[in-house]
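Visitor:
Numbering (the working numbering), first residue to last: 8 to 139.
1) Rounding to the nearest angstrom, what Cα-Cα distance links residue 124 and residue 68 in this structure?
2) I need the straight-line Cα distance from residue 84 to residue 77, nearest angstrom please.
3) Pairs of beta-carbons, one from the stretch 47-65 and one from the stretch 95-106, closer than 8 Å: are there three or more?
4) In chain order, what residues of the same chain have a beta carbon less than 7 Å from the beta carbon of residue 43, not counting five sequence neighbours either side?
5) Nearest to residue 40 by CA position, among 110, 102, 101 and 59, is which residue?
6) Report the residue from 112, 53 and 74 whose alpha carbon sits nearest the alpha carbon of residue 90.
7) Are residue 128 and residue 66 touching if we call contact CB-CB under 8 Å?
8) For the alpha helix (DSSP H) containing residue 81, name the first residue and the last one.
Have a look at this one:
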């Protein structure tokens, strides 16, 4: 039995499953996408698609962190303040999304919007990790 447990732990450690959380994988993937977008993307369509994927990955990471907070022990003690905080953030996110781009009407507008929203969501992710 000890040998099986030891083998499984070695396997998990070697594959990274024991040390990397899903939100870390999402963040890592988003960082690799950003690197590719900034250094290798060649067409405007590619920039738009990659930047939209970055927003989606950031939102997945944010939702996963919120889920972990909702399911932590003693969540009932922070529930009201956490829900109020989430509601306030959603309002700020809606306001941020409605801000006009400096490239309004241009082909770079979607990329600009997506990169701004990714940065906004990244700030929320950091807040979720440190505050709650």
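In this text, a Cβ means the ideal position worked out from N, Cα and C, and glycines have one as well.
Guide: The structure says:
1) Here residue 124 refers to the residue found at position 117 of the chain shown. Here residue 68 refers to the residue found at position 61 of the chain shown. Near 14 Å, if we compare the C-alpha coordinates of residue 68 and residue 124.
2) Locating residue 84 in the chain shown gives position 77, where the first residue counts as 1. Locating residue 77 in the chain shown gives position 70, where the first residue counts as 1. Distance between the alpha carbons of residue 84 and residue 77: 11 Å.
3) no
4) Numbered from 1 along the chain shown, position 36 holds the residue referred to as residue 43. 57.
5) Looking up residue 40 in the chain shown gives position 33. Taking only the C-alpha atoms, the option nearest residue 40 is 59.
6) As a working mapping, residue 90 is identified with position 83 in the chain shown. It is 74.
7) Position 121 of the chain shown, counted from the first residue, corresponds to residue 128. Position 59 of the chain shown, counted from the first residue, corresponds to residue 66. Cβ distance < 8 Å, so residue 128 and residue 66 count as in contact.
8) For the purposes of this step, residue 81 is taken as the residue at position 74 of the chain shown. Premise fails: residue 81 is in no alpha helix (DSSP H) and is neither H nor E.
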